[in-house]
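Asks: Pasting a structure here, questions to come.
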Amino acid sequence: AHIVGLAAGDTGTRIGCGGVAVIPGDIIKADGDGVVVIPRDLAAEVAAGGVAQERFERFAKQKIQAGRPIIGVYPPNPETQQEYEGWRDPEDV
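Using this note's numbering, you'd call the opening residue of the sequence shown number 7 and step up by one each time.
Structure below.
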């Protein structure tokens, strides 16, 4: 089969793609590494988790660039976690 002969048969309906259910309204995020499907009902939770992860990664990068070994910083050991909780991110407003 060649892609030239393919055409969409329906729109606005549930599909399966790569073993994942995709429902109208889902959020699709794609980049060079792959594609993620986020159910609409989980979007706020996923976004909040992403913001928290990005903040921690700024902290971890700062510590590693200052000479700390990666082990214990990423993932954080209890000491690093405690230090992170007291850290003030320069990007926080």
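Ideal Cβ positions, reconstructed from N, Cα and C, are used throughout, including at glycine.
Terminal residues of the continuous beta strand (DSSP E) containing G40?
Replies: G40 to I44
Asks: Which value, in whole angstroms, describes the spacing of the CA atoms of G78 and E89?
Replies: 12 Å
Asks: Distance, Cα to Cα, P82 vs A72?
Replies: 16 Å
Asks: Three or more C-beta pairs under 8 Å: does that hold for the segment 45-52 against the segment 22-35?
Replies: yes
Asks: Look at D95 and R74 and say whether their C-beta atoms are less than 8 Å apart.
Replies: Taking 8 Å as the Cβ cut-off, D95 and R74 do not qualify as a contacting pair.
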